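Student: This is the structure I have questions about; it appears just below.
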Amino acid sequence: MSFIEIRDLIKIYNPKESNLRVPALRGVELNIEQGEFISIIGPSGSGKTTLLLMLAGMAEPSAGYLRVGDFRLDQYTEADRSHYRRFNVGTLWQIPNRNLIWEISALENVEIPLRLLGTPREQRIKEAKEMLAEVGMDHRMNHKPKQLSGGEVQRVGLACALAHKPLLLLADEPTGELDSKTAGELLRYFKHLNDIRGITAIMVTHDFDVAKATDRLIQIVDGRISGYSPTADLKTISDMHQVYLDRYGGLQLPRHIIDKLEVQQKISITEENGKIILSQNGDFVASKKVKKD
Amino acid sequence: MNDSSPKRAHHNLLSQNLFIMTRTYFSFIASSSKKEEEDQVNIFWKILSFVVLPITIFLLPLFDIILLIFLPGLHLFKPLFKAGWKYGFISAIGVTLAVAVITQYVFFIYSYQFQAFNLFLADEPRTYIQVQVESTYIQQSFNQYNSFDRIANIALNYINMSDRILQRDLFFKRGMFTQTFDPITNETILPNIPLIGTEGKLRTYLSNNIAIGRAPENPYEILAVVSYDYYNHSSIRVNSSMNLYIPISLTKDASLHVPDAYTTVNVSGIVFLDELSDYNVLGSNIGIPLEYILELNERAAAVTWWIGGAKILQSVVMTYGLATMNEDLFYDVNAIDAFHLEDEINTIKLIGVELKEWYLLLAAYSQVRINSFLIDLLESFQDEYNLYQTFMYSFLSPIIALTIILTVYAANLVRKKRDQQLTILTERGAKRSEIGSYLTLESLIIGGVSLVFGVIVGLPISALLTRSSGFLSFSNTTIPLQIDLSSVYVALMGSAGAILLIQIVNTITLLKKRSIEDYGKVEKSLPKYYKYFVDIILIVFGVVLWIIYKMPSLTAYQDLTARYVGIPATILVMFGSILFMQRLLPLFSKAIVKISTTLKADIVSLSVREISRYQKSFVRSSMILTLSFSLVVSSIVIPYTYQTYNTEGAYYDLGADIVIRGFPIDNTYLKTEVDALPEVESSTIVRFVNLRDVQGDLSITYSVLTINVTEYEQTAYFRKDFASKPLTDLITQLDNPLKVLVQKDELGVLNQNIGDEISITYRAYNESMREIIGSPFFYENMSVSVVDEYNYWPVLVKELSLGNVRSIFYHFVASIEFMDYIQIAPFDAIDYLFIKGNSSYELADVTERVLSLTGGIVTNVEDEIFVKEDSPRSSILFSAINSTLIMSFAINAIILTLFASIQLIDKAREIATMKAIGISTNQLLKYYLAVYLALLLFTTICGLIVGYITSAMLMGVLATNRTVPPYAMGFPIVQLLISMSALLLAAFIGATVPTFSSSKEEIGTELRQSA
């Protein structure tokens, strides 16, 4: 039996202020084993974060089957989900101030999940310090988040997410706001903690390089799983099925391409014989076939 | 000011305004053992008192304490409090404000209670009930004295009210006069000097205050109790003898032909009234001048002791030994419950009734009269207090609303910021109960701190209020701040209630189901009231209530409907209009955008767009500002209008600065003399006559005011809106004695138009007709020509009662020659001389000068104005108004401080972003100030409109007692300009603070922190 089992999971948002019904997940089917490090990739609005929220017990499924360990999240009330989150889930978000309370120190932030567990003060402080040491932030434990760099904030965030020793670690583009070096460091801590603690980790990302650090990559498009790949099989860009175009026309280029070609902030885009040509300073960067109407 | 403060009224303060519930609660506890009839109102109050209040006041804090002890969220306290103290502090400012408003209101009302009642007490020192038994045979015996006094005691004991009477004094009094020589005028005069016989405390008091000589010891000895003036104008001296005569006017008039009915007494001593300290009543520190007690209008009396006095009285033959017995029962004014005057009046009336019955029963006196000046005093105070309360009620709701909106505003901001922290906690698995209990604990701390600081802040504000009645020159009266344990108690109770309310609202709002999806949502929705048309509903309800209030069939109950229908209608319309006007805010901002775009003011154009972008937030600020501007406008416009209205009302009643009624118009010399006075600018004769006709059971009266066409305008009072034409144009048309001006509505009833002839029949008088028809009265026909119409005419039109078909009045104005064309009895016409005073003299001096020349009934307009400096009414009225004004200012100042703090936190990211894209500090300043200026401009306009509408409606409530002439809404531009400018300046400074402060912050930190 898989650690996480998802069957025909549906989530429909129904905002109060409009009559629109927005389907975010349209029948997700997925199994994840304990200790796996998974990345979920897909264009904006494809349902990645919604799936993550479901797994975190932060959103209620509209329909379907969702089990994490022994927890039937599809049948849980808010109070049950709250209990589930407290003991079993750690989260790390892209925006730093979603992970940390900005007005208190790193140590105090890490202490919060332990406070919620009712850990005695001495033990709590000890464990929090150890956790900070694990992410290499023990030397800055008395600093407030605004005194830390982006990477440091996310490392403290990671310490917070793992302080209460959860079974499941969920991260939504944790490296999204970091440069590649800092992102790489964070990923190493991620991987290290996954390895030594055997924790199941799921990470949403746009970045193939980041995704490559995980064991398995799950692609999600329009609220459905569109493919699975063991990341070990991913060698080059040509191995990918496609590069995703988001609903606003945004295109996310793989990090290694960007690094390799030293792509600047501005690139030119032209269309030629059904091909989109991206060029830098007039040079050819990449081309991709587009569908002709 | 004496200390005759209504001590017992301490607990009764609770019955005021907001605190009526609390008072009722305690009174129910106090009277719970008594069986009483339980009507529905009682049951309602009982439920309120026994259920709602204990829950609100006692159980909820108890609940908090329990939460504190068994708090599931206690382990979150440290990090959360550390993280949220800044937002808690803002919330605390809001709550502190609420507490301060409540505190100062309570302290102000409490202080005011002392002041107002003391003012009235000071105006009426006769705080006693007087039993007067006329034509009583005064015996030369103490038995009579004692038995008479004992009756009062029996009566009081019978109704168990003896504790209400501090002291009794008994004396008899008989009017007398004497013949004496006035050394100053060098003539013999006959001044009044009543004979008074007394014993007891009065005797001791007088004996102790003898200035010259000694107390009477022998028969026919008296004490002359006189003023210096009286003493100097008479030959009454110690050891001199004087004759006492009875005042029979005929004999007195027969100059110096004094009757034989007299007796001779010796003056053993002199008591000077001018030197006397007030007469002190046992058990009270109220001093009463002796003149009031003995009713010495003459400022003189021949006083002696009971038996000696009786002997003197009996020796004057024509008195038959009869005098008026006076028993003064001094009421304990300290026991007066200033806020339950109805009960108090009934108590005094009951004492009066019992006294009368017992005197009738036990002494068989047939002419017992009970006087209580205290009842008049209390009734008068009650009327005044009703007026005061009307004001307070009117302004209380907007002020409370302002406080609540402000607090909610602060709470909303805090919530927005706290949401982030609480979301993190929720994500980490914190339970709702943990967060809820933590928030409750936090509210308790904030509430406790705010309570203390609110009271501390409220104190100086109330001190300012009580001392500020002279503010904006409304009145010079100041009230010393009174603080009493019970007022502190009430303030704390009220504040605790407010805090609990805010605490519950905040906690519930913060506890609302939160999920990650809700996080970071920008509030761009429109205010909810838009959707449900709350504004329109409020306006419609208000207008309907107003129509009901103005219904002619309810006119008789206007005193009652004013408070319970008129004021709610005003408040509904006020709130409705404020909400409605906010709908225009986007239109206004669009207009500004358009104008600024046309003018190429790009930054202004860009910044004002914020109003549409963050409509909900701006509407909220706009509502608060509009409300406070409206309050300021109404609290300036109303007193101004009311004062003007009162003055104009007095002029309308009188017709001119000074009026002499019954002026001998044939004495042309006298009028010339009056005109020649330097104090007089002009004068004119006005004659008034009622011509009556009876047709079946219908009585028709033509009231005609005849005026001197050439003189009238420059002397008489006339307001522009009394007629559609200027006065000159109206009266110059009266070039023929039979041309008249007619009241406009009455002209309609007469079914006539301008230019028509009206035939009138009236009961004429001509003595020569007696010989012909046997009576001087006969019916005469005449016709008058209507040359024009008017709406109101001073002196003439007092009411427009066109509804009563049995008795119809028509009011004509004609030239004075009209009187020559009618035949009336000489006494039928009332003749006036209208005088306009020279503006360089005080009107009182002019009046005195005129009076010395003409004698007669001379009235000046100032005597008719009841709202004037230092009058109790003025003090009451303007204290209420001033308090509102100052309160609006105070609230505004705090609002703006809060607003600035909120801006500082709320706009930090926005400002940082703009700085990041290269906006200069100047441009930034321009950017934000343009938004605030636009908002302030909008709210000022709205405030002026709503304030004016509210003032007009409140004036309609205040001016219920009369409708003629209609009050004209005033618009004191200078006062408004000063106040509004001060407010605008304060708001402007408030708006610049966050912009300047933000410019100091480092961009990166700002951006990262609020990312």
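Chains F and D are the protein sequences, given in the same order.
If you count by this note's numbering, then the first sequence holds residues 1 to 293, one letter each, in order.
If you count by this note's numbering, then the second sequence holds residues 294 to 1304, one letter each, in order.
All C-beta atoms, glycine included, are put in the ideal place defined by N, C-alpha and C.
Keep in mind the model is a prediction, meaning the values are calculated, not measured.
(1) Beta carbons nearer than 8 Å to chain D: which residues of the stretch 75-99 of chain F have them?
(2) Distance cutoff 8 Å, beta carbons only. Does M58(F) sit that close to anything in chain D?
(3) Whole angstroms are fine: how far does the CA of D1156(D) sit from the CA of E1135(D)?
(4) What's the call for F1120(D), buried or exposed, on a 16-neighbour Cβ count within 10 Å?
(5) For F441(D), which three-state DSSP category applies?
(6) In its own chain, which residues sit with a C-beta less than 6 Å from the C-beta of V1088(D), not counting the 5 before and 5 after it?
(7) Based on DSSP bridge pairs, tell me the residues matched to T719(D).
(8) Would you say Q713(D) lies against chain F (beta-carbon separation less than 8 Å)?
(9) Does DSSP put M454(D) in a helix, in a strand, or in coil?
(10) Straight-line CA distance for K300(D) to E647(D)?
(11) Pull up the distance between the alpha-carbon of L622(D) and that of S520(D), whole angstroms please.
(12) Got a sec, what are the start and stop residues for the beta strand (DSSP E) N31(F) sits in?
(13) Since V1080(D) contacts V1033(D) with CB under 8 Å, what's their CB separation in whole angstroms?
(14) Quick one: residues in its chain with C-beta nearer than 6 Å to the C-beta of A56(F), no 5 flanking neighbours on either side, listed in chain order?
(15) Distance cutoff 8 Å, beta carbons only. Does A721(D) sit that close to anything in chain F?
(16) Taking all protein chains shown into account, decide if Q75(F) is buried (16 or more other Cβ within 10 angstroms of its Cβ) or exposed.
(17) Within 8 Å of any Cβ in chain D, is that where the Cβ of P113(F) sits?
(18) Could you please give me the residues that DSSP links to E514(D) through a beta bridge?
(19) At least one CB of chain D closer than 8 Å to the CB of G118(F): is that the case?
(20) Excluding the five sequence neighbours on either side, which residues of its own chain have a C-beta within less than 8 Å of the C-beta of R457(D), listed in chain order?
(21) Residues in its own chain within less than 7 Å of A376(D) by CB, not counting five upstream and five downstream?
(22) At which residues does the beta strand (DSSP E) containing F623(D) begin and terminate?
(23) State yes or no: is the beta carbon of L734(D) nearer than 8 Å to at least one beta carbon in chain F?
(24) Here's the rule: buried if 16 or more other CB atoms are within 10 angstroms of the residue's CB, otherwise exposed. What is N1153(D)?
(25) Could you tell me the alpha carbon to alpha carbon distance between L744(D) and V392(D), rounded to whole angstroms?
(26) Output the boundary residues of the beta strand (DSSP E) element that contains V221(F).
(27) Skipping 5 residues on each side, what residues in its chain have a beta carbon closer than 8 Å to that of T1025(D)?
(28) At a CB distance below 9 Å, what residues from the stretch 372-386 of chain D approach chain F? Give them in sequence order.
(29) Looking at L516(D): is its Cβ nearer than 8 Å to the Cβ of I503(D)?
(30) Tell me the rounded alpha-carbon separation between I668(D) and Q851(D).
(31) Taking the beta strand (DSSP E) that F37(F) belongs to, which residues open and close that run?
(32) With distances taken between CB atoms, is the gap from P1030(D) to D1124(D) smaller than 8 Å?
(33) Go ahead and pull the three-state DSSP assignment for K181(F).
(34) What number of angstroms, rounded off, separates the C-alpha of G322(F) from the C-alpha of E29(F)?
(35) State yes or no: is the beta carbon of I10(F) nearer than 8 Å to at least one beta carbon in chain D?
(36) Let's test the definition: count the other Cβ atoms within 10 Å of the Cβ of M469(D) and tell me whether it reaches 16, buried, or not, exposed.
Tutor: Looking at the atomic coordinates:
(1) E78, A79, S82, H83, Y84, R85, R86, F87, V89, T91, I95, P96, N97, R98 and N99
(2) Within the first sequence, residue 58(F) is the residue found at index 58, counting from 1. Closer than 8 Å to some Cβ of chain D, the Cβ of M58(F) qualifies, so yes.
(3) The residue given as residue 1135(D) occupies position 842 in the second sequence. The residue given as residue 1156(D) occupies position 863 in the second sequence. C-alpha separation (whole angstroms): 13 Å.
(4) Counting from 1 along the second sequence, the entry for residue 1120(D) is found at position 827. Burial call: exposed.
(5) The residue you call residue 441(D) lines up with position 148 of the second sequence. It is helical.
(6) Position 795 of the second sequence, counted from the start, is the residue given in the question as residue 1088(D). Counting only Cβ-Cβ distances below 6 Å, and skipping sequence neighbours, we find G948.
(7) Counting from 1 along the second sequence, the entry for residue 719(D) is found at position 426. Answer by DSSP bridge pairing: none, since T719(D) is not bridged.
(8) Sequence index remark: in the second sequence, residue 713(D) carries index 420 (1-based). Chain F, which has a Cβ nearer than 8 Å to the Cβ of Q713(D), makes this yes.
(9) As a working mapping, residue 454(D) is identified with position 161 in the second sequence. Coil at M454(D), not helix or strand.
(10) Your numbering for residue 300(D) matches position 7 in the second sequence. Your numbering for residue 647(D) matches position 354 in the second sequence. Low confidence applies here, because K300(D) scores a pLDDT of 31, under 50, leaving its location unreliable; read the following figure in that light. Cα to Cα, the separation comes out at about 26 Å.
(11) Taking the first residue of the second sequence as position 1, residue 622(D) is located at position 329. Taking the first residue of the second sequence as position 1, residue 520(D) is located at position 227. Distance between the alpha carbons of L622(D) and S520(D): 26 Å.
(12) Along the first sequence, one-based indexing puts residue 31(F) at 31. Here the beta strand (DSSP E) through N31(F) covers V22 to I32.
(13) Along the second sequence, one-based indexing puts residue 1080(D) at 787. Along the second sequence, one-based indexing puts residue 1033(D) at 740. That belief holds up - the Cβ atoms of V1080(D) and V1033(D) are roughly 7 Å apart, short of 8 Å.
(14) Here residue 56(F) refers to the residue found at position 56 when the first sequence is read from its first residue. These residues qualify, in order along the chain: V89, T91 and L170.
(15) In the second sequence, counting from the first residue as 1, residue 721(D) sits at position 428. The sequence given here has Arg at residue 721(D), not Ala. Yes, R721(D) counts as interfacial toward chain F.
(16) One-based indexing of the first sequence puts residue 75(F) at position 75. So Q75(F) ends up on the exposed side.
(17) For this step, residue 113(F) is matched to residue 113 along the first sequence. By this cut-off, P113(F) is an interface position.
(18) In the second sequence, counting from the first residue as 1, residue 514(D) sits at position 221. Beta-bridge pairing links E514(D) to N559(D).
(19) Along the first sequence, read from residue 1 onward, the residue named residue 118(F) stands at position 118. G118(F) counts as touching chain D.
(20) In the second sequence, counting from the first residue as 1, residue 457(D) sits at position 164. Same-chain partners within the cutoff: L449, Y624, D625, A628, T640 and I644.
(21) On the second sequence, position 83 is the one that residue 376(D) refers to. Answer for A376(D): Q714, listed in chain order.
(22) In the second sequence, residue 623(D) corresponds to position 330, counting from 1. That run of the beta strand (DSSP E) goes L615 to Y624.
(23) Position 441 of the second sequence, counting from 1, holds the residue named residue 734(D). Not one chain F Cβ lies under 8 Å of L734(D).
(24) Position 860 of the second sequence, counted from the first residue, corresponds to residue 1153(D). Burial call: buried.
(25) Your numbering for residue 744(D) matches position 451 in the second sequence. Your numbering for residue 392(D) matches position 99 in the second sequence. So the alpha carbons of these two residues sit roughly 6 Å apart.
(26) Taking the first residue of the first sequence as position 1, residue 221(F) is located at position 221. First-last of the beta strand (DSSP E) with V221(F): R216 to V221.
(27) Here residue 1025(D) refers to the residue found at position 732 when the second sequence is read from its first residue. Result list for T1025(D): V1002, in chain order.
(28) P372, L373, K375, A376, G377, W378 and K379
(29) Position 223 of the second sequence holds residue 516(D). Position 210 of the second sequence holds residue 503(D). Taking 8 Å as the Cβ cut-off, L516(D) and I503(D) qualify as a contacting pair.
(30) As a first step, residue 668(D) is located in the second sequence; it is residue number 375 there, counting from the start. As a first step, residue 851(D) is located in the second sequence; it is residue number 558 there, counting from the start. If you take the alpha carbons of I668(D) and Q851(D), they lie about 24 Å apart.
(31) As a position in the first sequence, residue 37(F) is number 37, starting the count at 1. Element bounds for F37(F): F37 to I41.
(32) Taking the first residue of the second sequence as position 1, residue 1030(D) is located at position 737. Taking the first residue of the second sequence as position 1, residue 1124(D) is located at position 831. Not in contact: P1030(D) and D1124(D) (Cβ atoms no closer than 8 Å).
(33) In the first sequence, residue 181(F) corresponds to position 181, counting from 1. Three-state DSSP puts K181(F) in a helix.
(34) A query on residue 322(F) cannot be resolved here, the shown segment of chain F reaching from 1 to 293 and no further.
(35) As a first step, residue 10(F) must be located in the first sequence, where it is residue number 10. I10(F) does not count as touching chain D.
(36) Working through the second sequence from its first residue, we reach residue 469(D) at position 176. Counting Cβ neighbours within 10 Å, M469(D) comes out buried, since at least 16 surround it.
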